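If you read the sequence shown in my numbering, its first letter stands for residue -4, the second for the next number, and so on.
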Amino acid sequence: MNVIDESGILALSTRLQRLSEQLRKDGAQLYKTFDIDFEPKWFPIIYTLHHKEVLSVVEISSEIGYTHPSTISLLKELEKQKLIKSKKDKNDERKRLISLTDKGTDLIIKMKPVWAIMIKILSEIANNENNLLMAINEAEEKLKLQGFLQRALELKIMENQS
-4 MNVIDESGIL ALSTRLQRLS EQLRKDGAQL YKTFDIDFEP KWFPIIYTLH HKEVLSVVEI
56 SSEIGYTHPS TISLLKELEK QKLIKSKKDK NDERKRLISL TDKGTDLIIK MKPVWAIMIK
116 ILSEIANNEN NLLMAINEAE EKLKLQGFLQ RALELKIMEN QS
């Protein structure tokens, strides 16, 4: 066991990042194995547009839970790959509406069998004594109610008062 693993809860963010990087790396390799040119970081937008068809940048950002600048950056990459297209909203010229291109739709058809494999594998990985997905959902809900920094500042104030 290394120092990070031994540090327990203090290294939670580091360990989640490590797990995420491993899953992304393996996911990218799996796509390559199936001869699919796809970056796992594109998944949230592609998957969202597969289900919602046409969304504004703000709506996509909200759906995937990313900041507006991060969403814009990914959208630019996907547009460059010709997987998405955008057009101006007829009701609001400032708003861009994003949708999949035919190439993007074809890509999803190729990816569906890979997603089925991923679901089986990830379900097996997450389905342990302390179900990983349920634990992540619970942690995210707690952070929605009150963020990490806000909790820390309140704790500091309480300690200063006692």
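Just so you know, even glycine gets a beta-carbon here, dropped at the ideal spot from N, CA and C.
Model, not experiment: these values are computed from the prediction.
Pull up the distance between the alpha-carbon of residue i and that of residue j, whole angstroms please.
{"i": "residue 109", "j": "residue 25", "result": "8 Å"}
{"i": "residue 124", "j": "residue 92", "result": "43 Å"}
{"i": "residue 143", "j": "residue 136", "result": "12 Å"}
{"i": "residue 42", "j": "residue 152", "result": "43 Å"}
{"i": "residue 21", "j": "residue 128", "result": "18 Å"}
{"i": "residue 31", "j": "residue 103", "result": "10 Å"}
{"i": "residue 154", "j": "residue 130", "result": "29 Å"}
{"i": "residue 53", "j": "residue 37", "result": "17 Å"}
{"i": "residue 35", "j": "residue 76", "result": "14 Å"}
{"i": "residue 84", "j": "residue 90", "result": "5 Å"}
{"i": "residue 88", "j": "residue 97", "result": "24 Å"}
{"i": "residue 65", "j": "residue 156", "result": "39 Å"}
{"i": "residue 145", "j": "residue 99", "result": "40 Å"}
Please report the residue range of the beta strand (DSSP E) in which residue i lies.
{"i": "residue 31", "result": "Note, residue 31: premise wrong, no beta strand (DSSP E); not H, not E."}
{"i": "residue 91", "result": "91 to 95"}
Spatial neighbours of residue i within its chain, please: CB distance less than 6 Å, with the 5 preceding and 5 following residues excluded, ordered by chain position.
{"i": "residue 33", "result": "26"}
{"i": "residue 69", "result": "40"}
Within 10 Å of its beta-carbon, does residue i have 16 or more other beta-carbons around it, so buried, or fewer, so exposed?
{"i": "residue 118", "result": "exposed"}
{"i": "residue 28", "result": "exposed"}
{"i": "residue 60", "result": "exposed"}
{"i": "residue 138", "result": "exposed"}
Looking only at its own chain, which residues have a Cβ that is under 8 Å from the Cβ of residue i, when we skip the five neighbours before and after it?
{"i": "residue 49", "result": "92, 93, 94"}
{"i": "residue 105", "result": "29, 31"}
Starting from residue i, trace the alpha helix (DSSP H) both ways and give me its first and last residue.
{"i": "residue 65", "result": "63 to 75"}
{"i": "residue 81", "result": "Taken as a continuous stretch (DSSP letters only), residue 81 belongs to no alpha helix (DSSP H), being part of the beta strand (DSSP E) at 79 to 83."}
{"i": "residue 140", "result": "127 to 140"}
Tell me whether residue i counts as near the ligand NAD, meaning its Cβ is closer than 7 Å to at least one heavy atom of that ligand.
{"i": "residue 86", "result": "Annotation note on the ligand NAD: not contained in the displayed structure, which lists no ligands."}
Compare the C-beta of residue i against all C-beta atoms of chain D and say whether one is closer than 8 Å.
{"i": "residue 95", "result": "This model lacks chain D altogether, as it is built from one protein chain only."}
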